[in-house]
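Only one structure is covered here, and it is reproduced in the block below.
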Amino acid sequence: MNGWILAAALVLAGGVGATLWGVASGPLRRRVIAQNLTTALACPALLLLAQGYDRPSYVDVALVLALLGPVGTLVFARLLADELTGDPPRAWGATWAVAGLGTVVVAILCAVAAPGRATAKLLVTGVLLIGGNVVASRALAGGFGGVRRG
Amino acid sequence: MTDAVIVVALLLVAASATVAVATRDPERQALVLSVLGVVLAVLFTVLQAPDVGLSQLAVGSAVTPLLLLLTVRKVRRRPRRKEPPP
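From first to last, the protein sequence lines are chains A and B. My numbering applies: residue 920 is where the first sequence begins, and numbers increase by one. My numbering applies: residue 51 is where the second sequence begins, and numbers increase by one.
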């Protein structure tokens, strides 16, 4: 019915579909990266859906996903550390591409929405999304080497 | 257009659930289950039930994989402790 929902459907079909393929096949390191990118792609899709349905309260779902998605990835980075230390997963190209998509979506939605509390919520969601995913990717790549592995 | 996004979300849920059933290794299954939780939350949101999606996110994206991985760890570690010292 409108372009926002079409964009969300495209992000879901293209992005989440691709990460689903990544998490379904290949070695463990590829699957962990794909799981991280799934949360980073579903969050912009949820933001676009909230705009498309014209329900600002739907942004809450995206906010919770931006908060909990990196937590889930950190769980994997911590508990699968033994399997991942030999060949740490690195996919900075894909990580920054998805972070760029999130930035673009949040910027467009901020430009469209009327300034106020909704804009602040969108900005918080975007910062949590991008920061959380960069931190989670760094943890997966073994960037926090000083942390005691258990 | 609204129907199209519902169809996309349904297809994603069906595909990820099938993959979760077909995966044998519990650790990889935990990864697929985490993705399934996120996709299910998107489906609930698309079907205009964001409150259900919120609780699905809270349970599915972090807690379920954590419980699974901790259980796998505990089960795998137990035989090592019972080995007699050399």
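Built from N, CA and C at the ideal position, the CB exists for glycine as well.
Our contact map puts residue i next to residue j with C-beta atoms below 8 Å; I'd like the distance itself, whole angstroms only.
| i | j | result |
| --- | --- | --- |
| D973/A | L104/B | With 8 Å as the limit, D973/A and L104/B do not qualify as a contact, their Cβ atoms being about 19 Å apart. |
| L965/A | V92/B | 7 Å |
| A927/A | L968/A | 5 Å |
| A996/A | A959/A | Incorrect: roughly 15 Å between the Cβ atoms, too far for contact. |
| L993/A | A953/A | Wrong, their Cβ atoms sit about 16 Å apart, outside the cutoff. |
| L62/B | G936/A | 7 Å |
| V884/A | L81/B | This structure gives no information on residue 884/A, because the portion of chain A shown stretches from 920 to 1069. |
| A1013/A | L956/A | 6 Å |
| V122/B | V55/B | That belief does not hold up - the Cβ atoms of V122/B and V55/B are roughly 35 Å apart, past 8 Å. |
Compare the Cα-Cα distances from residue i to each of the options and report the closest residue.
| i | options | result |
| --- | --- | --- |
| A1060/A | L931/A, T958/A, R949/A | R949/A |
| T1044/A | A1058/A, F1063/A, V1023/A, S1056/A | V1023/A |
| A67/B | A54/B, L90/B, D75/B, P100/B | L90/B |
| A65/B | R126/B, L83/B, L120/B | L83/B |
| T114/B | L60/B, D75/B, Q79/B | Q79/B |
| S111/B | V990/A, P1008/A, A1010/A | V990/A |
| A1076/A | Q970/A, G922/A, V930/A | Lying outside 920 to 1069, the shown extent of chain A, residue 1076/A is not represented and no answer is given. |
| A1010/A | V1053/A, G933/A, N921/A | V1053/A |
| V88/B | V109/B, A99/B, E77/B, Q98/B | V109/B |
| A59/B | T73/B, V85/B, E77/B, V122/B | V85/B |
| L1042/A | I924/A, A985/A, T1004/A, L925/A | A985/A |
| G933/A | P963/A, N921/A, S944/A | P963/A |
Determine the chain A residues that contact residue i at a beta-carbon separation under 9 Å, and present them in chain order.
| i | result |
| --- | --- |
| V89/B | L931, V935, L939, T957, A961 |
| R123/B | L998 |
| A99/B | Those within 9 Å of A99/B in chain A number zero; the least Cβ separation is about 10 Å. |
Note down, in chain order, every chain A residue with its Cβ under 7 Å from the Cβ of residue i.
| i | result |
| --- | --- |
| T95/B | L965, L968, Y977, V980 |
| V92/B | L931, A961, A964, L965 |
| A112/B | L987, V990, G991, V994 |
| A65/B | L939 |
What residues of chain B sit near residue i, judged by a beta carbon separation below 7 Å?
| i | result |
| --- | --- |
| G1021/A | Neighbours of G1021/A on chain B: none; closest Cβ ~15 Å, over 7 Å. |
| R950/A | R78, L81 |
| V942/A | L81, V82, V85 |
Taking C-beta pairs closer than 9 Å, name the residues in chain B that residue i reaches, listed in chain order.
| i | result |
| --- | --- |
| V1017/A | Neighbours of V1017/A on chain B: none; closest Cβ ~14 Å, over 9 Å. |
| L947/A | D75, E77, R78, L81 |
Against residue i, what residues of chain B qualify as contacts under a CB-to-CB distance less than 8 Å, listed in chain order?
| i | result |
| --- | --- |
| L984/A | V88, A91, L107, S111 |
| A927/A | V55 |
Going along chain A in order, which residues have a C-beta closer than 8 Å to the C-beta of residue i?
| i | result |
| --- | --- |
| A59/B | L931 |
| V69/B | L939, V942, A943 |
- Task: Mind the definition here: the stretch 935 to 949 of chain A touches the stretch 1029 to 1040 of chain A only if three or more C-beta pairs lie below 8 Å; say whether that holds.
- Result: no
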